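The numbering of the sequence shown is our numbering, which starts it at 240 and goes up by one.
C-beta atoms are modelled at their ideal positions from N, C-alpha and C, and glycine is treated no differently.
Model, not experiment: these values are computed from the prediction.
In what follows, a single structure is set out as structure tokens and then discussed.
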Amino acid sequence: MELSQKFWQASIDDIKQGYTDEGTIFTCLLCGETIEKGIIYPHEDVFYEAEKYMQHHIIATHQSVFHYLNGLNKKMTGLTDHQSHILRLFYEGKTDQEIKEELEIGSATTIRHHRFALKEKERQAKTFLTMMELLKDQDQKVDAFVPIHKTATMVDDRYNITHTEEQQLLEKYFPHGIDKELVRFPKREKQKIVVLRAITKLLDESKQYTEKELNAIIQPVYEDYVQIRRYLIEYGFMSRKDDGSAYWVKK
Numbered sequence: 240m241e242l243s244q245k246f247w248q249a250s251i252d253d254i255k256q257g258y259t260d261e262g263t264i265f266t267c268l269l270c271g272e273t274i275e276k277g278i279i280y281p282h283e284d285v286f287y288e289a290e291k292y293m294q295h296h297i298i299a300t301h302q303s304v305f306h307y308l309n310g311l312n313k314k315m316t317g318l319t320d321h322q323s324h325i326l327r328l329f330y331e332g333k334t335d336q337e338i339k340e341e342l343e344i345g346s347a348t349t350i351r352h353h354r355f356a357l358k359e360k361e362r363q364a365k366t367f368l369t370m371m372e373l374l375k376d377q378d379q380k381v382d383a384f385v386p387i388h389k390t391a392t393m394v395d396d397r398y399n400i401t402h403t404e405e406q407q408l409l410e411k412y413f414p415h416g417i418d419k420e421l422v423r424f425p426k427r428e429k430q431k432i433v434v435l436r437a438i439t440k441l442l443d444e445s446k447q448y449t450e451k452e453l454n455a456i457i458q459p460v461y462e463d464y465v466q467i468r469r470y471l472i473e474y475g476f477m478s479r480k481d482d483g484s485a486y487w488v489k490k
């Protein structure tokens with residue numbers, strides 16, 4: 240499951256409820272679904288105003304915010320599969336004895352130990368979040384990192400690039416502008432991502448391209464358009480149909 244930039248930018252309170260109020264609409268932070276205000280939404284003979292309907296959407300589509308978050312991968316939650324399972328049982332109101340029987344483990348004392356370990360993780364998370372907030376305040380004047388595109392196929396150090404670094408690389412590889420010829424395709428991973436991100440900006444996110452149409456956009460930028468097209472797919476900037484009949488920018 241992929242999380243949007245809106246999710247990462249949202250407050251903890253907004254994440255807990257699963258949606259944000261954006262003036263004329265409510266947006267689900269879990270899937271991007273939008274509900275327009277001022278409209279009554281019918282569902283199974285029940286009529287909902289917009290916010291109630293968004294709350295209904297989260298239950299119907301995601302079961303709950305907790306279940307959605309608990310279903311994310313370990314890299315997102317920092318939890319082992321076993322911890323995620325136990326946490327879900329805690330959330331569902333199971334007693335220590337019921338959890339012991341369901342998991343077929345040790346004793347109720349073992350379950351209490353897990354409760355303590357999760358509380359300890361909560362305290363550590365609060366400490367870390369506070370430190371990061373203080374660091375953010377301290378670094379207001381420091382160049383910020385370029386946001387990672389949410390469809391990235393693998394997130395690692397290659398994405399640690401500031402806006403200043405990105406601008407310097409764009410000037411190096413596109414000296415006449417990003418809609419002009421690329422001087423060469425870089426070998427370093429970080430630089431590849433900067434170049435591919437720039438090329439993606441030449442594309443219309445709302446449009447599906449044939450292979451011929453996509454090639455026609457890429458070729459004036461770089462003669463080996465096949466290589467660029469392949470990397471756009473590989474790095475998660477674009478997707479395509481299995482038969483190659485359509486290509487589009489991933490959102």
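Alpha carbon to alpha carbon, what distance is there between residue j and residue i?
| i | j | result |
| --- | --- | --- |
| H324 | I338 | 10 Å |
| L374 | P281 | 47 Å |
| L368 | Q406 | 30 Å |
| Y412 | F424 | 8 Å |
| I399 | K419 | With the sequence shown as reference, residue 399 is identified as Asn, and Ile is not the correct amino acid for it. So the two alpha carbons sit approximately 26 Å from each other. |
| A485 | L471 | 14 Å |
| V304 | G416 | 43 Å |
| I350 | R327 | 13 Å |
| I264 | G271 | 11 Å |
| I456 | L441 | 8 Å |
| K426 | Q447 | 29 Å |
| F246 | R362 | 22 Å |
| E341 | A347 | 12 Å |
| M240 | T300 | With a pLDDT of only 47 at M240, under 50, the local geometry of the prediction cannot be trusted, and no value is derived from it. |
| Q294 | E283 | 15 Å |
| G262 | H296 | 19 Å |
If you check the beta carbons only, do residue i and residue j fall under 7 Å apart?
| i | j | result |
| --- | --- | --- |
| G483 | E462 | no |
| D252 | T259 | no |
| L408 | V433 | yes |
| K313 | T390 | no |
| A249 | L268 | yes |
With residue i and residue j assumed to form a contact (beta carbons below 8 Å), what rounded beta-carbon distance in angstroms separates them?
| i | j | result |
| --- | --- | --- |
| R436 | L453 | Contact doesn't hold; Cβ gap of about 16 Å is too wide. |
| G388 | G475 | The residue asked about is misnamed: residue 388 is His in this sequence, not Gly. The Cβ separation is near 7 Å, so the contact holds. |
> Which ranges would you report for the beta strand (DSSP E) in the region 314-341 if only whole runs of at least 3 residues count?
Replying inline: none
>> I'd like the ranges of any alpha helix (DSSP H) spanning at least 4 consecutive residues and lying wholly in the region 395-447.
In response: 402-412, 428-439
> Counting pairs of Cβ atoms below 8 Å between the region 288-297 and the region 273-280, do you hit three or more?
Replying inline: yes
>> Restricting to runs no shorter than 4 residues, where is the alpha helix (DSSP H) found entirely within the region 265-303?
In response: 289-301
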